[in-house]
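Trainee: full-length UniProt numbering puts the first residue of the sequence shown at 1, with every later residue one more than the last. Glycine is no exception: its CB is placed at the ideal position from the N, C-alpha and C atoms.
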Amino acid sequence: MPYAITVVPVMPLRSEPSHKSEIISQALWGECSEIVITGNDGWVKVKCQFDGYEGWATFNHLEIIDETLFRAPYTHYTTAWVNKVQLSGKLMHVPFGCAVKLGNAPVTNWGGVTVQFEEKLAAIGKGNAVDTGALTAAAFQYLNTAYLWGGKSVFGVDCSGFTQTVYRTLGLDLLRDAYQQATQGTTVDFLQEARLGDLAFFDNTEGRITHVGILLNDHEIIHSSGKVRVDPIDNQGITNTDTGVRTHKLRIIKRFF
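(1) Could you pull out every residue in the same chain whose Cβ sits closer than 6 Å to the Cβ of Q192, ignoring the five residues on either side in sequence?
(2) Do you know offhand how far I252's Cα is from T187's?
(3) Run the CB neighbour count on F190, radius 10 Å, all protein chains shown included, and call it buried at 16 or more, exposed below.
(4) Taking contact to mean 3 or more Cβ pairs, one atom from each stretch, closer than 8 Å, check whether the region 43-63 and the region 18-26 are in contact.
(5) Let me confirm a value: V245 is counted as buried when at least 16 other C-beta atoms fall within 10 Å, else exposed. Which label applies?
(6) Report yes or no: is there a C-beta of chain D within less than 8 Å of the C-beta of G133?
(7) Suppose you measure from the CA of L121 to the CA of A99; what does that come to, to the nearest Å?
(8) Do P2 and I35 have their C-beta atoms closer together than 8 Å?
(9) Taking the Cβ atom as the reference point for each residue, do A139 and V157 lie within a distance shorter than 8 Å?
(10) Just how far apart, CA to CA, sit T136 and T241?
(11) Let me know if residue 299 comes out buried or exposed under the rule of 16 or more other beta-carbons within 10 Å of its beta-carbon.
(12) So, is Q164 buried or exposed, given that buried needs 16 or more other C-beta atoms within 10 angstroms?
(13) Mind checking which residues open and close the beta strand (DSSP E) that includes S25?
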């Protein structure tokens, strides 16, 4: 199967090969994927390298790359809310949290395009030695970002896209959806034992996990609900700071580092 890399700031992944179909996820600039189906009218079905998520994208959002680049590790991520890059000499603005395969050079080649970084990048964390200050800084980059179903960027993000992208900057790999992320990590038995960076998961009336957020301590959570916001949490769940209404019912807490 051909390998490809995302060369637009945010690439929508859709459920069907149509611009009218649902956006189920996104691939940020620099994210690699495999092309699993070549469809009609410029559509391709891709499988994201990072989390295995599949969706339809337009081919002009991608650049074909070789297996060597595809297999190379992601080394750095963009750190500003908006970052300037040059793509074959053309200016592009890409969002916070784009993981890239850079090595040690400020200029690199992605298939047929040359990439030059004009903003400072940060090294992706090692996963086993998490900098909680970096975690907090990454999470608060998204503060007040609008909720967007399928979103993964500071321009619009859903609950699990938020946790996944923040964790990715730390070198911690999460699956895409909240119910999938809930299968990972180690269970924390009581909220009072929670610490910064634990993930709290919430279920609906049918018992299905539908929401996730990042605990700041044992009584506050940052999560994407309407927008990325900080709300109080107790043993029952989340209460909206603005309205005083209970919005999410706590199901389980997981620890990843």
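Mentor: On the basis of the data shown:
(1) Against the sequence shown, residue 192 aligns to sequence position 192. Around Q192: D218.
(2) Position 252 of the sequence shown holds residue 252. Position 187 of the sequence shown holds residue 187. A direct Cα-to-Cα measurement between I252 and T187 gives close to 7 Å.
(3) The residue given as residue 190 occupies position 190 in the sequence shown. By the neighbour-count rule (16 or more Cβ atoms within 10 Å), F190 is not buried but exposed.
(4) With a cut-off of 8 Å, the region 18-26 and the region 43-63 count as touching, because enough Cβ pairs lie within range.
(5) In the sequence shown, the residue the question calls residue 245 occupies position 245. With fewer than 16 other Cβ atoms within 10 Å, it is exposed.
(6) Any reference to chain D falls outside this structure, which holds one protein chain only.
(7) Working through the sequence shown from its first residue, we reach residue 121 at position 121. Working through the sequence shown from its first residue, we reach residue 99 at position 99. Rounded to the nearest angstrom, the two C-alpha atoms are 10 Å apart.
(8) As a position in the sequence shown, residue 2 is number 2, starting the count at 1. As a position in the sequence shown, residue 35 is number 35, starting the count at 1. For P2 and I35, yes; Cβs fall inside 8 Å.
(9) Within the sequence shown, numbered from 1, the residue matching residue 139 stands at position 139. Within the sequence shown, numbered from 1, the residue matching residue 157 stands at position 157. Taking 8 Å as the Cβ cut-off, A139 and V157 do not qualify as a contacting pair.
(10) For the purposes of this step, residue 136 is taken as the residue at position 136 of the sequence shown. For the purposes of this step, residue 241 is taken as the residue at position 241 of the sequence shown. Computed Cα separation, rounded: 20 Å.
(11) Examination of residue 299 is not possible in this model, given that the chain is present from 1 through 257 alone.
(12) For the purposes of this step, residue 164 is taken as residue 164 along the sequence shown, with counting starting at 1. Under this definition Q164 is a buried residue.
(13) Here residue 25 refers to the residue found at position 25 when the sequence shown is read from its first residue. Segment 23-28, the beta strand (DSSP E) holding S25.
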